[in-house]
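Report on one structure; see the data block that follows.
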Amino acid sequence: MTKATEVVVQPPEQLRYARLLDWGTRVGLVILLLSFAAYVLGLAESHVPPQQLPELWGHPVGRFLELTGTPTGWGWLALVHRGDIAGLLGIAILAGSSVLCLLALVPLYMARKDKAFVAICLAEVAVVALAASGVLSGGH
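Okay, here's the thing in structure tokens:
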């Protein structure tokens, strides 16, 4: 007696989401690794010189930011060329990959006239965008 082979077919939206999330994760991790290597090897100038870190680490975050001139909110983007800040780009890509994935699902759901899933995807994107904006926390 033989078992019937069951073929599992993934819906196109799951495949699209997974493919984009996979690429977003890969890109984010590569940027993290490259930026860390550039920082450690001294290929990119640091915003805060590593030799100053031990004396700065003991300060509360507000004082640390003041002493180092490190911006808050999205201000780090202006310093993304600095070795110690560049890793934040990888983190932002990893954190934001789901937004791209959700937006990529909207056309599929619209083609199926699945208004509920369109609304859910757009609502999730709006929540993430609102959280990232810093409006709720008073960030910049």
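Per this note's numbering, the very first residue in the sequence shown carries number 329; after that it's consecutive. In this text, a Cβ means the ideal position worked out from N, Cα and C, and glycines have one as well.
The alpha-carbon separation between Cys449 and Pro340 amounts to approximately 15 Å. Residue range 389-396 is occupied by the alpha helix (DSSP H) that includes Gly390. With fewer than 16 other beta carbons inside 10 angstroms of its own, Asp350 counts as exposed.
DSSP places Ile419 within a helical segment (H, G or I) once states are collapsed to three. In this structure the segment 394-411 lies against the segment 369-378, because at least three pairs of beta carbons, one per stretch, are closer than 8 Å. Taking all protein chains in view, the Cβ of Leu416 is crowded by 16 or more other Cβ atoms within 10 Å, so the residue is classified as buried. DSSP, reduced to helix, strand and coil, places Trp385 outside both helices and strands of the structure shown, so it counts as coil.
Contact fails between the segment 428-446 and the segment 402-414, because fewer than three Cβ pairs, one in each stretch, are under 8 Å apart.
Taken atom to atom, the span from the alpha-carbon of Arg410 to that of Leu369 is near 13 Å. Check the Cα spacing between Gly352 and each of Val408, Gly424, Ala332: the tightest is with Gly424.
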